[in-house]
Amino acid sequence: YSNHARGYKNAHAVAGILEERLVRLPGITLWLSKKFINEPYNFRFNVMPLDNAVENIVGNLSVEPPTRQEPDHFTVSLTGRDYELVAATLNAIADAFINRNISLRKRRTRERLKILETQLQSAEIQLRESESALRRFLSENPSVSLEGRIAAMVDNIAGTQTERESIAQDLREIRRLSAGFRNAADETVHQVIGEMLAFLEGKQVSLAQILQAELSALLTSRAEMERNYMEGHPLIKENSRRIKAVGARAHATLQELRTDLRKKYQRKDQKLNSLSSNLQDLPAQTLRLAELQRDQQINSEIYASLQNRYSEAKVADAVNMADVFIIDRAVEPTPPPLTLRFARVAAIVLAAGLGAGMLPVVVLENLNKTALTEFEVSRITNLPVVESIPVIKPTKHVGTSRRSHVKT
6 YSNHARGYKN
16 AHAVAGILEE
26 RLVRLPGITL
36 WLSKKFINEP
46 YNFRFNVMPL
56 DNAVENIVGN
66 LSVEPPTRQE
76 PDHFTVSLTG
86 RDYELVAATL
96 NAIADAFINR
106 NISLRKRRTR
116 ERLKILETQL
126 QSAEIQLRES
136 ESALRRFLSE
146 NPSVSLEGRI
156 AAMVDNIAGT
166 QTERESIAQD
176 LREIRRLSAG
186 FRNAADETVH
196 QVIGEMLAFL
206 EGKQVSLAQI
216 LQAELSALLT
226 SRAEMERNYM
236 EGHPLIKENS
246 RRIKAVGARA
256 HATLQELRTD
266 LRKKYQRKDQ
276 KLNSLSSNLQ
286 DLPAQTLRLA
296 ELQRDQQINS
306 EIYASLQNRY
316 SEAKVADAVN
326 MADVFIIDRA
336 VEPTPPPLTL
346 RFARVAAIVL
356 AAGLGAGMLP
366 VVVLENLNKT
376 ALTEFEVSRI
386 TNLPVVESIP
396 VIKPTKHVGT
406 SRRSHVKT
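Quick note on the working numbering: the sequence shown kicks off at 6 and runs consecutively.
Quick look at the structure:
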């Protein structure tokens with residue numbers, strides 16, 4: 006192995022007993038023939054520098070962006086003469102894309118796990134405190150109990166307060182996403198837009214799927230533009246503007262959802278105040294028991310909800326499942342049969358022979374402007390031939406030659 010740029014000359018890259026026809030080295034794959042296995046001999050080959058190899062792949066790579074008929078589907082193609090290498094390269098690119106998607110998803114999931122873990126610890130502390138307070142009160146006041154109507158009212162209050170807390174969590178998430186979108190840099194704004202659209206899809210907002218398809222198409226076009234144009238090109242600027250426009254629409258939809266959630270929160274709050282006011286007429290001990298039992302039920306439901314979300318996040322973090330998947334992997338195409346290749350070569354040779362034989366005749370015919378017959382005179386001058394006077398000159402030979410003087 007020799008590399009003049011790094012000072013290597015006749016260095017050993019690998020040594021050993023050859024056991025397989027396929028030899029893999031860093032950046033090199035050799036498929037050895039049976040003839041070489043039986044009778045090894047010396048050979049030389051050149052290794053393309055990494056930058057040139059990447060540029061060659063990018064130059065022959067094409068991406069067909071999603072369409073309206075298939076908004077979640079795009080095709081990647083690579084041209085080349087080495088069928089096996091082309092298929093392996095495409096599959097490697099697809100696998101790297103999937104792994105990149107998995108890593109990004111895991112990072113978001115782990116950030117969510119940290120937040121849920123903190124919330125779960127806080128909810129567990131509140132649940133234990135409320136359970137301890139309820140047990141202590143019941144032990145000190147064993148004769149106090151809640152009737153069926155009052156118990157149903159407490160359950161209703163607990164359910165309403167749990168729903169209100171869920172709405173409050175959604176409002177806090179919307180506030181976080183809105184702040185992230187306003188403060189996002191140009192390089193990361195598409196990630197924040199993706200989070201907003203994922204949140205909207207989780208809330209069954211129909212516009213989110215349309216915006217997600219537009220964002221995917223723009224990001225695919227952006228990746229192809231960055232391979233062909235420098236940063237600051239008008240097409241790249243236009244693409245960035247359209248991505249921000251999608252983000253602005255997603256942000257506006259998020260604010261509309263925020264308005265609706267605030268109205269729901271107010272209705273839940275009014276209902277909670279109305280239900281709580283009905284408990285004010287109870288005796289002091291009964292009212293205290295109702296409040297403690299309400300707090301215990303609310304904290305229990307909040308803790309159970311957070312625990313379920315935490316378990317789902319743990320499962321999502323453990324499973325290596327990407328948001329995208331490969332429909333059809335690249336397959337090495339079957340080379341044409343020898344008969345077809347021979348037929349193509351024969352057709353090319355035949356066409357070349359006919360061309361070589363007819364080309365001089367056509368060239369001489371176009372260069373020679375002498376009119377030898379009445380038809381040629383008519384064709385050249387675009388005038389009709391009225392009559393022609395034959396001229397016969399005797400020759401020294403037995404035959405005679407005939408020429409015509411043409412009068413037009």
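In this text, a Cβ means the ideal position worked out from N, Cα and C, and glycines have one as well.
Inter-residue CB distance, Glu200 and Leu182 (contact presumed, cutoff 8 Å) | 6 Å
Find the nearest neighbour of Gly164 within the set Val19, Tyr13, Leu27 and Asp300, judged by alpha-carbon distance.
-> Checked all of Val19, Tyr13, Leu27 and Asp300; the closest Cα to Gly164 is Asp300.
Does the distance from the CB of Asp191 to the CB of Ser135 come in under 8 Å?
-> no
State yes or no: is the C-beta of Leu202 within less than 8 Å of the C-beta of Ala255?
-> yes
Applying the criterion that 16 or more other CB atoms from any shown protein chain within 10 Å of the CB defines a buried residue, is Ile332 buried or exposed?
-> exposed
Status (buried if at least 16 other CB within 10 Å, exposed otherwise) for Asn43 | exposed
Give the DSSP-derived three-state secondary structure of Leu30 in the structure shown.
-> strand
Go through the segment 49-111 residue by residue and report every complete run of the beta strand (DSSP E) that reaches 3 residues or more, in order.
-> The qualifying runs are 66-69 and 80-83.
Quick one, are the C-beta atoms of Thr258 and Val197 less than 8 Å apart?
-> no
Distance CB(Arg247)-CB(Leu224) smaller than 8 Å = The Cβ-Cβ distance between Arg247 and Leu224 does not fall below 8 Å.
C-beta atoms of Tyr220 and Val194 nearer than 8 Å = Note that residue 220 corresponds to Leu in the displayed sequence, not to Tyr. No, these two residues do not count as a Cβ contact at 8 Å.
May I ask you to list the residues that DSSP assigns as paired with Asn8?
-> Tyr13
Okay, do the segment 307-322 and the segment 105-123 touch, 3+ Cβ pairs below 8 Å being the bar?
-> The segment 307-322, when compared against the segment 105-123, does touch it at the 8 Å Cβ threshold.
Check the C-beta distance from Ala138 over to Leu294 and give it rounded, since I have them as a contact under 8 Å.
-> Contact doesn't hold; Cβ gap of about 11 Å is too wide.
Straight-line Cα distance separating Val391 from Ser383 | 10 Å
C-alpha distance - Glu25 paired with Thr339, whole-angstrom precision = 24 Å
What's the gap between the Cα of Leu266 and the Cα of Lys111?
-> 29 Å
Range covered by the alpha helix (DSSP H) that runs through Phe330 | Per DSSP, Phe330 belongs to no alpha helix (DSSP H) and is neither H nor E.
Spell out the partners DSSP gives Leu35 in its beta bridges.
-> Val28
Give the C-beta separation of Ile179 and Leu262 to the nearest angstrom, bearing in mind that I take them to be a contact with Cβ-Cβ under 8 Å.
-> 7 Å
Take Asp322 as the anchor and find which of Ile172, Gly185, Lys242 and Arg115 has the nearest alpha-carbon.
-> Measuring from the Cα of Asp322, the nearest candidate turns out to be Arg115.
Among Phe330, Phe50, Ala348 and Ala157, nearest to Ile107 - alpha-carbon criterion = Phe330
Under the three-state DSSP convention, the category Glu392 falls into | strand
Can you name the start and end residues of the alpha helix (DSSP H) that Asp322 belongs to?
-> Ala289 to Ala323
What number of angstroms, rounded off, separates the C-alpha of Arg334 from the C-alpha of Ala101?
-> 13 Å
Nearest residue (CA-CA) to Phe41, options Lys242, Leu27, Glu306 and Ser305 | Leu27
Option in Pro45, Pro71, Asn47 and Phe48 with minimal Cα separation from Arg227 | Pro71
Does the segment 276-292 come close enough to the segment 81-98 that 3 or more CB-CB pairs lie under 8 Å?
-> no
Does DSSP put Glu152 in a helix, a strand or coil?
-> coil
Return the first residue and the last residue of the alpha helix (DSSP H) that Val251 is part of.
-> Boundaries of the alpha helix (DSSP H) around Val251: Pro239 to Asn283.
6 Å CB neighbourhood of Lys276 in its chain, flanking five on each side removed = Thr165
Skipping 5 residues on each side, what residues in its chain have a beta carbon closer than 6 Å to that of Asn96?
-> Arg334 and Ala335
Give every residue of the same chain whose Cβ lies closer than 8 Å to the Cβ of Asp274, excluding the five residues on either side of it in the sequence, and list them in chain order.
-> Arg169
Other residues of its chain near Ala99: CB distance less than 8 Å, five sequence neighbours each side excluded | Val81, Ile331, Arg334 and Ala335
In angstroms with no decimal places, state the Cα-to-Cα distance between Glu206 and Lys39.
-> 57 Å
Inter-residue Cα distance where the pair is Arg177 and Asn8 | Arg177 and Asn8 have their C-alpha atoms roughly 59 Å apart.
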